[in-house]
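What follows is one structure encoded as structure tokens, with my remarks underneath.
In mature numbering (1 follows the signal peptide of the UniProt record, and there is no 0), the protein residues as written are -25 to -1, 1 to 552.
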């Protein structure tokens, strides 16, 4: 038996007329629930007999029932026995959907206590679409539905109907719509399609779902031709970039070949080597290397520069030989010779033959010490009457002048002064006043130690004696005998130097100060080479290199401690005064 809202009163009257219900009238009570959520159908009456819940349209299909012992229900429904015993016979639908929309009857025995109509609340959805996208509408109810469209400022308009999986739309929508149950698609949405779309159940006169649709304007969408244009611009930019790169690379190649030819010409024209020639070639090589650093030609440039420097090596060695000969013959000043030799060292620096060249220069530089040795021999011959004293004095003066403004001048000046006095036979006259003073014993001891060190000939012994000479000079710095004691100390140092000159094949013009400075420079250079080599090749320094650096560092540290001791002694002495 079917019911509708217009005949509720007549139906209730007939039921009350032909039954013995405990109430005067029954109405169908609507109950709203959310889609796919639980909803409770209320029936709060005490029932002492059998309680049943069923559809009003099909009373034989019992959905749930309870008696004094227990309750039973179909899938998707539930009822509480405890609540039933307390007089609450409400039925719960666990997950309401559109297929469960109906009128439910609650009865006890043969008496109806409640009629409840389940209504699913309308679902609201906000939809944002881009120009040209499709709108998908859900029509997931078995009953016939209408799709109602309402735009801003216009009345409702039924644009489509769905009945028994059949779709019927107005002409202007027919080509744009399709139905794939339970989804209805409206294609190619435009801004003019914005508005409200309502899915209405025509049988139950309920709005199932309402879509608030907004479609972006066409200007926010990127047309296909714009995308194609952007792709073409990018491709064109890449082609232009590649062309510029290839052109620049070709230009660098041509420029590189020209610079190579220029450097090769400079090397081939370097027969009459001068300092200016060396500087010009080295400057060209440095500029070439700097210009092509971090380019594809950097390694090629590096190899080319090494090749050119290697070609220059024989000329450099020949030039060093000529410089030494000119200095020995008095044709070139020693200062000028050292300056040009320094430039040659710069030219050969950081090459695979720099060590050999430095060793060669050191050997040639030792030849300059032969002048000192020659002066010593001339003095000995003059004392024996073999050569005129005046000629020897001229050579002593010439030697001293050659070393003016060099790092060796102070030592050479003292040595030349000693040789002048030795030549005139007055050296002992200078020493004697020292040994007639109150410290005669100490002076004689130092003199004796010097002679013993020369006889033994060991470097350690000579170093110890030099330290005693330094201490003697420091002790008499404030005494009235300082001038003669200082001269005595210089004479003793000169004797030690002449011994070294006569008995060593190493470079002789090396004072303690200069030697320490050289050690510092060698240590700095070694550290720089290790650092650069490690960065370029990830190379770990060998144990020999590390040992050499540590040894130089210990000697520098020892010299610093000794110098600090002298300073402390002077401070203590001055404080005592």
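Virtual Cβ for every residue (Gly too), placed ideally from N, Cα, C.
Of the listed residues the options, nearest to residue i (C-alpha basis)
i, options, result
"residue 109", "191, 80, 173, 41", "191"
"residue 220", "270, 182, 188", "270"
"residue 101", "200, 93, 111", "111"
"residue 70", "9, 33, 530, 237", "9"
"residue 148", "156, 200, 132, 181", "132"
"residue 189", "17, 167, 141, 530", "167"
"residue 151", "143, 142, 163", "163"
"residue 178", "79, 159, 136, 529", "136"
"residue 474", "458, 44, 390, 532", "390"
"residue 463", "431, 430, 428, 417", "417"
"residue 4", "78, 50, 64", "78"
"residue 35", "44, 274, 80, 23", "80"
"residue 472", "457, 458, 459, 441", "441"
"residue 66", "446, 184, 428, 13", "13"
Beta carbon of residue i nearer than 7 Å to that of residue j
i, j, result
"residue 91", "residue 15", "no"
"residue 62", "residue 103", "no"
"residue 125", "residue 134", "no"
"residue 29", "residue 37", "yes"
"residue 448", "residue 461", "yes"
"residue 469", "residue 393", "yes"
"residue 138", "residue 157", "no"
"residue 89", "residue 41", "no"
"residue 116", "residue 73", "yes"
"residue 465", "residue 425", "no"
"residue 276", "residue 264", "yes"
"residue 68", "residue 75", "yes"
"residue 142", "residue 161", "no"
"residue 99", "residue 185", "yes"
"residue 44", "residue 182", "no"
Beta strand (DSSP E) segment containing residue i, residue limits
i, result
"residue 112", "110 to 113"
"residue 148", "Premise fails: residue 148 lies in the alpha helix (DSSP H), 146 to 149, not in any beta strand (DSSP E)."
"residue 103", "98 to 104"
"residue 84", "No beta strand (DSSP E) contains residue 84, which DSSP labels as neither H nor E."
"residue 268", "First-last for residue 268: undefined, no H or E at that position."
"residue 153", "152 to 155"
"residue 29", "26 to 30"
"residue 160", "158 to 161"
"residue 15", "14 to 16"
Residue environment, residue i, which counts as buried when at least 16 other CB atoms sit within 10 Å
i, result
"residue 95", "buried"
"residue 176", "buried"
"residue 130", "exposed"
"residue 11", "exposed"
"residue 521", "exposed"
"residue 452", "exposed"
"residue 27", "buried"
"residue 213", "exposed"
"residue 82", "buried"
"residue 537", "exposed"
"residue 484", "For residue 484, the predicted model reports a pLDDT of 44, less than 50, meaning its position is unreliable and no value from the coordinates is stated."
"residue 401", "Bear in mind that a pLDDT of 48 at residue 401, under 50, signals an unreliable position, so the number given afterwards is only what the model happens to contain. Answer is exposed; the Cβ neighbour count stays below 16."
"residue 535", "exposed"
"residue 54", "buried"
"residue 539", "exposed"
"residue 430", "exposed"
"residue 371", "buried"
"residue 174", "buried"
"residue 57", "exposed"
"residue -20", "Any answer about residue -20 is weak, because its pLDDT of 35 lies below 50 and its placement is not dependable; what the coordinates show is given next. Exposed."
"residue 64", "buried"
"residue 533", "exposed"
"residue 373", "exposed"
"residue 423", "exposed"
"residue 207", "exposed"
"residue 444", "buried"
Opening and closing residue of the alpha helix (DSSP H) in which residue i lies
i, result
"residue 58", "56 to 60"
Strand pairing of residue i, partner residues [DSSP]
i, result
"residue 91", "4, 79"
"residue 121", "136, 175"
"residue 46", "41"
"residue 187", "101, 171"
"residue 182", "175"
"residue 53", "67"
"residue 143", "136"
"residue 33", "30"
Closer than 6 Å: residue i CB and nearest the ligand PLP heavy atom
i, result
"residue 501", "For the ligand PLP, the structure offers nothing, since it holds no ligand at all."
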